[in-house]
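**Student:** Here it is: the structure, laid out below.
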Amino acid sequence: MEVLRESILHLTFQMSTYKRATLDEEELVDSTSDDIYPSAVMQVSLSRGPGPRCWTERTHNERRLLVLVCALSLALFICLLTLGVHYRTGHHGVCLSEPCVTVASSVLSSMDRSVDPCQDFYNYACGGWIKNNPLPEGKSRWGPFSNLWEHNMAVMKHLLENTTMKGLSTAEKKAQWYYQACMNEAKIEALGAQPLQELINATGGWGLAEPWEKDTFQEVLRMVSANYRTSPFFTVFVSTDSKSSNSNIIQVDQSGLGLPSRDYYLNKTANAKYLKAYLDFLVELGVLLGGSAETSQTMMSEIVGFETLLANITVPQEERRDEELIYHKMQAKDLTTLAPAVEWMPFLKAMFDPVALNDSEPVVVYAKEYLQKVSDLIQNTNKSVLNNYMIMKVVRKMVSILDQKFQDAEQRFFEVMYGTKKSCTPRWKLCVSDTDSALGFALGALFVKATFAEDSKTIAEDMVSDIKQAFEESLKDVAWMDSDTKMAAKEKADAIYNMVGYPKFIMDPKELDKVFNDFEVVSELYFQNVMQYYNFSGRVTGDQLRKAPNRNQWSMTPPTVNAYYNPTKNEMVLPAGILQAPFYSRAWPKALNYGGIGVVMGHELTHAFDDQGREYDKDGNLRSWWKNSSVEAFKHQTQCMVEQYSNYTINKESLNGKHTLGENIADNGGLKAAYKAYVNWIRKNGEEDTLPAVGLTNHQLFFVGFAQVWCSVRTPESSHEGVITDPHSPSRYRVIGTVSNSRDFSRHFGCKANSPMNPKRKCELW
Numbered sequence: 020m021e022v023l024r025e026s027i028l029h030l031t032f033q034m035s036t037y038k039r040a041t042l043d044e045e046e047l048v049d050s051t052s053d054d055i056y057p058s059a060v061m062q063v064s065l066s067r068g069p070g071p072r073c074w075t076e077r078t079h080n081e082r083r084l085l086v087l088v089c090a091l092s093l094a095l096f097i098c099l100l101t102l103g104v105h106y107r108t109g110h111h112g113v114c115l116s117e118p119c120v121t122v123a124s125s126v127l128s129s130m131d132r133s134v135d136p137c138q139d140f141y142n143y144a145c146g147g148w149i150k151n152n153p154l155p156e157g158k159s160r161w162g163p164f165s166n167l168w169e170h171n172m173a174v175m176k177h178l179l180e181n182t183t184m185k186g187l188s189t190a191e192k193k194a195q196w197y198y199q200a201c202m203n204e205a206k207i208e209a210l211g212a213q214p215l216q217e218l219i220n221a222t223g224g225w226g227l228a229e230p231w232e233k234d235t236f237q238e239v240l241r242m243v244s245a246n247y248r249t250s251p252f253f254t255v256f257v258s259t260d261s262k263s264s265n266s267n268i269i270q271v272d273q274s275g276l277g278l279p280s281r282d283y284y285l286n287k288t289a290n291a292k293y294l295k296a297y298l299d300f301l302v303e304l305g306v307l308l309g310g311s312a313e314t315s316q317t318m319m320s321e322i323v324g325f326e327t328l329l330a331n332i333t334v335p336q337e338e339r340r341d342e343e344l345i346y347h348k349m350q351a352k353d354l355t356t357l358a359p360a361v362e363w364m365p366f367l368k369a370m371f372d373p374v375a376l377n378d379s380e381p382v383v384v385y386a387k388e389y390l391q392k393v394s395d396l397i398q399n400t401n402k403s404v405l406n407n408y409m410i411m412k413v414v415r416k417m418v419s420i421l422d423q424k425f426q427d428a429e430q431r432f433f434e435v436m437y438g439t440k441k442s443c444t445p446r447w448k449l450c451v452s453d454t455d456s457a458l459g460f461a462l463g464a465l466f467v468k469a470t471f472a473e474d475s476k477t478i479a480e481d482m483v484s485d486i487k488q489a490f491e492e493s494l495k496d497v498a499w500m501d502s503d504t505k506m507a508a509k510e511k512a513d514a515i516y517n518m519v520g521y522p523k524f525i526m527d528p529k530e531l532d533k534v535f536n537d538f539e540v541v542s543e544l545y546f547q548n549v550m551q552y553y554n555f556s557g558r559v560t561g562d563q564l565r566k567a568p569n570r571n572q573w574s575m576t577p578p579t580v581n582a583y584y585n586p587t588k589n590e591m592v593l594p595a596g597i598l599q600a601p602f603y604s605r606a607w608p609k610a611l612n613y614g615g616i617g618v619v620m621g622h623e624l625t626h627a628f629d630d631q632g633r634e635y636d637k638d639g640n641l642r643s644w645w646k647n648s649s650v651e652a653f654k655h656q657t658q659c660m661v662e663q664y665s666n667y668t669i670n671k672e673s674l675n676g677k678h679t680l681g682e683n684i685a686d687n688g689g690l691k692a693a694y695k696a697y698v699n700w701i702r703k704n705g706e707e708d709t710l711p712a713v714g715l716t717n718h719q720l721f722f723v724g725f726a727q728v729w730c731s732v733r734t735p736e737s738s739h740e741g742v743i744t745d746p747h748s749p750s751r752y753r754v755i756g757t758v759s760n761s762r763d764f765s766r767h768f769g770c771k772a773n774s775p776m777n778p779k780r781k782c783e784l785w
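Each number in this note's numbering comes from the position in the sequence shown (counting from 1) with 19 added on.
What follows is the structure, encoded as C-alpha cells:
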C-alpha cells in the first residue's frame, strides 16, 4: 500500500511539472527552457539581436534542430498524456472533497488499526468508536441508530415548537397540541395520580384497600382490553389474513408478560435481582395509588406468582417460527369450545364496536394450545387475583403519562432491569417520542417537508433496484435449490413492492386530516389525550376489519431510524429517518452507501426468503410454493447457521441461533446482495476514488462501512435482555457472523484459511 502511494505521488509530481512546461511553451514562446533547448541554441539566438527571427533567416541546421525539438516535444506530450490516461484507468486517485475528508476522518477514528481484521473484524472496524463513545447516562445501549434517532428527535422538537400554526393541516396542528399537553408538566404534577385513580374506579376498583369479592371478570376483561388496549391473558387484533392476503381478519395470539420474557420468571436463580426489582416496582406503584406497603406487598406478590404461571404456559418464540404449523382458522363460536373461560362474542363485539359481528365471524388463532391452557388457568385462579392482575396491566401502561413520582419509580426499576444510570432526561424527548407514536404520520409530514429531498427518494429506489438485481443474479448460483423453485423465487423478488421515504397520503393535507379526523386532541390534558388515542386506535382497528389491506398503511412513521419487510404484502419499507448518514449520503463514496443503506436494503429483501418469509408467495399468501426437495435442502443449509450463531457468547451467555435465525439469514443475504450490487456498479461506472489517509481499497471500505453501522456499547443487563428476547444477534455478531461467511471479505482482506474471520466451514444460503 505504501509503495502504491509513493508511486502516485511521484507520478503526480511528474505530470504537474509537465503541465507547467506545456503552459510555458504555449504562452511564453521566447522564454525557452534550459531543460528543452541546449545552451548552444540559446547563445545563437541571443547573438542575432533581442527580437525573434523569421523562419527564412535561420540557418539550415537551426531549422532542422527546431523541427526535431518540436517533434520530440509533441512525442513527449503524447507519451505522457497516454501514460496519464492509462494510469487513471487502472489506478484511481484520492477523493479530496470536503465530504470525503470528513467521512474519512470519521471512518479512521472509529477503527482500531492495531487489531488484525482477520482475527476480529468487529474490533478492527469499531474499536476506536467504542473507546470514544462511553455509554450516555440514562441509556442501556448506544450506537449509530440511537445517535441518528436523537438527531431526528431534535429536528422534530424544533418543528413542534417553532412551526407556526398558519398553513398547517389540522392533523399537523393536533401533533403540536398533543406535544404541548405532554410538555405541560405543571398540569401533570397538579393532577398527580388522580386521572389513573378515577380510571381504576370506573373499571370497578382493585384490592388495595380490601379483598376483592366481585364477580366481574368478564366485564373488566372487556373494559381493559377494549378501552385501554391492554392484553392481560391474550392479544386480539386485526391484520391481513396470511392465507388470503386480500382480506383482513381477527387474529388471536398469546400476550406478553410484565417482564420482557418468560425466562425471567422460570430461571429464578439467574434472574433473582430482576424479579426482586420488578416486585419492588409494583409494590411502589400500589403505595403511590393509595395502598399500604403491607397490602401492596401481598397483592403484588400474588400477581407475580400468577404471571409465573402464565410464563409456564407461554410458548417460547423460537418454537413459533413456522407459521404453517401455528396458523389455525376457525369461527368465533369455536373459541368458546377452545377457551370456555372467556365469553368470546361479547368480548369481540366490545373490541370491534361498532362493527357488526356474529358467531360465524372468521378468526385466526396462533396459540391454540396456549389458549386452552390459559382458559384452564383462569378457571382455577381466585377471582381477586385475576382482577388485580388485569388492573395492574392498566397501571403499568399508564405509568409514563403520570406525574414525576411514578416516573421515578419506573426509572429505579429500569436501573436494575437494563443497567441504566439515573439521568435527567429532558422532558421533551419523552414527549417527541410519544407524539411520534400517537400522531407519527402528521408529525412525519412536518419532518419530511423539512428534511427529505425528493431526489433522495429516487436515488434510494434506484439502489433498491440494484440490490434486487444482484440478489436475483446470485439466485442463479444457489446450488441447493431446484430450477422451478428458483423461477418462483425470482418472481417473488420481482414482485416486492418498495416503499421509500414516506406514504404518499401524508403530503396531501386533506387525506392526512381524514386519517386523524376522529382523534380528538386538547392542548392541556395529556392523560385525556392518551385515552383518546386508545379509543381512536380501537376504532381504526375495527374499521380495518371490513376493508382490504391498504398498501399505503405503514407500520413505521417517516422519522423512524429503521426498516422492515412485510410478508403478507410482500413489501419492504425504508422510512426517511434512516436515509441519512451514517447509512447514506449522496456525497460519500458508493462503497460506503452500499455498505450502509445498501446492506439495510439487502437485509429487508432477504427477509422475503428467510425461514419465515419464504413460506409466503409473491402475493403474500402463506402456502407451500417450494418443491419438497428444496424445502429440505433449505432446512439443512439453515442448520449450519443455527449452530454457528449458537456457538457465540456474550458475557458467557450463549446466543439462541434458532431464535435469531431469520435475522441472521437477512444479515448474511443482505451483505452479499449489497456487495454484488456494488461490484455491478463498478462494472458500469468504473472504480471510484479512494478516501484520503484511510489506507483501504474501496472494496475493503465497503465492509468497514457495513461494520461501523453496528458499532455499539451496551450494559451487561441490556445484553442479557437482548440474548433472551431479541430476534437479532448482538451487534458484534451481526458483523463477525456475517463477514466470516463471506468469501468476498476474506479475499479483499487477504485472510488466511482457518483464521477466525475465514473459517473453513461457511454457512451460505442466498
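Using N, Cα and C, we set each Cβ at its ideal position, and we do this for glycine too.
In the structure shown, what three-state DSSP assignment does S574 receive?
**Tutor:** Reduced to three states, the DSSP call for S574 is coil.
**Student:** Which residues in the same chain as S649 place their Cβ atom closer than 8 Å to its Cβ, once the five residues preceding and following it in sequence are excluded?
**Tutor:** Around S649: W499, M500, D501, T504.
**Student:** When burial is assigned at 16 or more other CB atoms within 10 Å of the CB, is M526 buried or exposed?
**Tutor:** By the neighbour-count rule (16 or more Cβ atoms within 10 Å), M526 is not buried but exposed.
**Student:** Since T4 contacts G639 with CB under 8 Å, what's their CB separation in whole angstroms?
**Tutor:** Past the edges of the chain, shown from 20 to 785, lies residue 4, and the structure says nothing about it.
**Student:** Counting along the chain, where does the beta strand (DSSP E) carrying Q270 start and finish?
**Tutor:** Element bounds for Q270: 263–273.
**Student:** Compare the beta carbon distance of P711 and A123 with 7 Å and say whether it is the shorter of the two.
**Tutor:** Yes, these two residues count as a Cβ contact at 7 Å.
**Student:** May I have the straight-line CA-CA distance separating V451 from E204, to the nearest angstrom?
**Tutor:** If you take the alpha carbons of V451 and E204, they lie about 14 Å apart.
**Student:** Residue range of the alpha helix (DSSP H) that N331 falls in?
**Tutor:** N331 -> alpha helix (DSSP H) spans 312–332.
**Student:** Determine contact between the segment 570–585 and the segment 654–663, defined as no fewer than three beta-carbon pairs at a distance below 8 Å.
**Tutor:** Result no; under three Cβ-Cβ pairs closer than 8 Å.
**Student:** What does DSSP give as the partner residues of D422 in its beta bridges?
**Tutor:** Answer is none; D422 lacks a bridge partner.
**Student:** Considering only residues of the same chain and omitting the five flanking positions on each side of S266, which have a CB-CB separation below 7 Å?
**Tutor:** Counting only Cβ-Cβ distances below 7 Å, and skipping sequence neighbours, we find D260, A567.
**Student:** Less than 8 Å between the CB atoms is what I'm expecting for M776 and C145, so what's the real figure, rounded?
**Tutor:** Not confirmed; about 14 Å, so no contact.
**Student:** Looking only at DSSP bridge pairs, what is Q350 linked to?
**Tutor:** Partner(s): P381.
**Student:** According to DSSP, which residues form a beta bridge with R733?
**Tutor:** Per DSSP, R160.
**Student:** So what does M526 bridge to, in DSSP terms?
**Tutor:** None; M526 has no bridge partner.
**Student:** CB-CB under 7 Å to L167, same chain, minus the five flanking residues each way: which ones, in chain order?
**Tutor:** Here the set comprises V580, Q599.
**Student:** Is the segment 210–228 touching the segment 406–424, taking contact as three or more C-beta pairs under 8 Å?
**Tutor:** As far as the Cβ criterion goes, the segment 210–228 touches the segment 406–424, which means the pair count is three or higher.
**Student:** Rounded to whole angstroms, what is the Cα-Cα separation between V382 and Q270?
**Tutor:** The alpha-carbon atoms of V382 and Q270 are separated by roughly 6 Å.
**Student:** If you check the beta carbons only, do C782 and D453 fall under 7 Å apart?
**Tutor:** No, they are not a contact pair.
**Student:** How is M130 classed by DSSP in three states: helix, strand or coil?
**Tutor:** Here M130 sits in coil by DSSP.
**Student:** Pick out whichever of S748, Y283, L187, L390 has its Cα sitting closest to the Cα of V361.
**Tutor:** Comparing Cα positions, the closest option is L390.
**Student:** Please go through the same chain and pick out, in chain order, the residues whose beta-carbon is closer than 6 Å to the beta-carbon of G109, but skip the five residues on each side of it.
**Tutor:** Since pLDDT at G109 reaches only 40, below the 50 mark, its modelled position is unreliable, and no value is offered.
**Student:** For the 8 Å Cβ check, are there 3 or more pairs between the segment 331–345 and the segment 426–437?
**Tutor:** They do not touch, by the three-pair rule.
**Student:** How far does the alpha helix (DSSP H) with V413 in it extend, from its first residue to its last?
**Tutor:** Its alpha helix (DSSP H) spans residues 402–417.
**Student:** Using the Cα positions of L720 and L611, report the straight-line distance between them to the nearest angstrom.
**Tutor:** Cα to Cα, L720 sits roughly 7 Å from L611.
**Student:** Quick one: what's got a C-beta closer than 8 Å to S394's C-beta in the same chain, skipping five residues either side?
**Tutor:** L357, A358, P359, A360, V361, listed in sequence order.
**Student:** Distance, Cα to Cα, S542 vs E191?
**Tutor:** Roughly 13 Å between the two C-alpha positions.
**Student:** Could you work out which residue in Y437, F722, K495 is closest to E156 when comparing CA atoms only?
**Tutor:** Minimum Cα distance to E156 is reached at Y437.
**Student:** Where do the N-terminal and C-terminal ends of the beta strand (DSSP E) with K594 fall, by residue?
**Tutor:** The displayed chain sequence assigns Pro, not Lys, to residue 594. That run of the beta strand (DSSP E) goes 590–594.
**Student:** Which same chain residues, not among the five before or five after I149, have their C-beta less than 7 Å away from its C-beta?
**Tutor:** Taken in chain order, the residues that qualify are C730, V732.
**Student:** Roughly how many angstroms separate the alpha carbons of L396 and Q237, rounded to a whole number?
**Tutor:** Distance between the alpha carbons of L396 and Q237: 15 Å.
**Student:** Ignoring anything shorter than 4 residues, give me the alpha helix (DSSP H) runs that lie fully in the segment 200–279, in order along the chain.
**Tutor:** Here the runs fully enclosed are 204–210, 213–222, 236–245.
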